[in-house]
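Report on the following structure.
Now the structure itself:
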């Protein structure tokens, strides 16, 4: 058995900040940009008539970009439509646990991460091991996330908003990748 300490940072995408620190303003930028997506306030959605659900449309755009970045990932997804719905529901729910949203009970803006978020991310990472997700896929998913937001929000996705989303993805990676690697190693699978 190895006595070397476990270093999850070697699995982090190169653009991930290993010590993410989101500011209240960054949380607001994330929430405001996602609200544009939820409300269908982006040209690509408005200019088409096939899909009435803006989140579903955004999810399909995400998977198109993901598969452009890594065509081999198509094999992991049997139904892009269902997957896109699950993705956007998960993103929407997770963003509801971040600061910058309005607390439904108090009516005030949340100023701290909801303590439920970290266990949800840990569980999500653990589950994705059984779907044959590799640690390297976090790199591609993060790129697809940012590129989809850039493509759909265009001028509403400035460099500050992009930096905020990258910092949020960094936070998610610093929670999920260590769990992913741990679970993968426990099962004797390829990381």
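In our numbering, the protein residues as written are -2 to 188.
Just so you know, even glycine gets a beta-carbon here, dropped at the ideal spot from N, CA and C.
Checklist entry - Excluding the five sequence neighbours on either side, which residues of its own chain have a C-beta within less than 6 angstroms of the C-beta of residue 188, listed in chain order? => result 132, 178, 181
Checklist entry - Taking the alpha carbon of residue 151 as the point to measure from, which residue in 11, 17, 9, 30 has its own alpha carbon closest? => result 30
Checklist entry - Whose C-beta lies closer than 7 angstroms to the C-beta of residue -2 among residues of the same chain, with five residues either side of it excluded? => result In this predicted model, residue -2 has a pLDDT of only 48, less than 50, meaning its place in the structure is not dependable enough to derive any value.
Checklist entry - Which class does residue 99 belong to by DSSP, given the choice of helix, strand or coil? => result strand
Checklist entry - Which whole-angstrom value is the C-beta distance of residue 137 and residue 67, which I expect to be below 8 angstroms? => result 5 angstroms
Checklist entry - Which same chain residues, not among the five before or five after residue 167, have their C-beta less than 7 angstroms away from its C-beta? => result 13, 14, 17
Checklist entry - Hey, residue 51 and residue 36: beta-carbon distance below 8 angstroms or not? => result yes
Checklist entry - What's the C-alpha gap between residue 106 and residue 97? => result 6 angstroms
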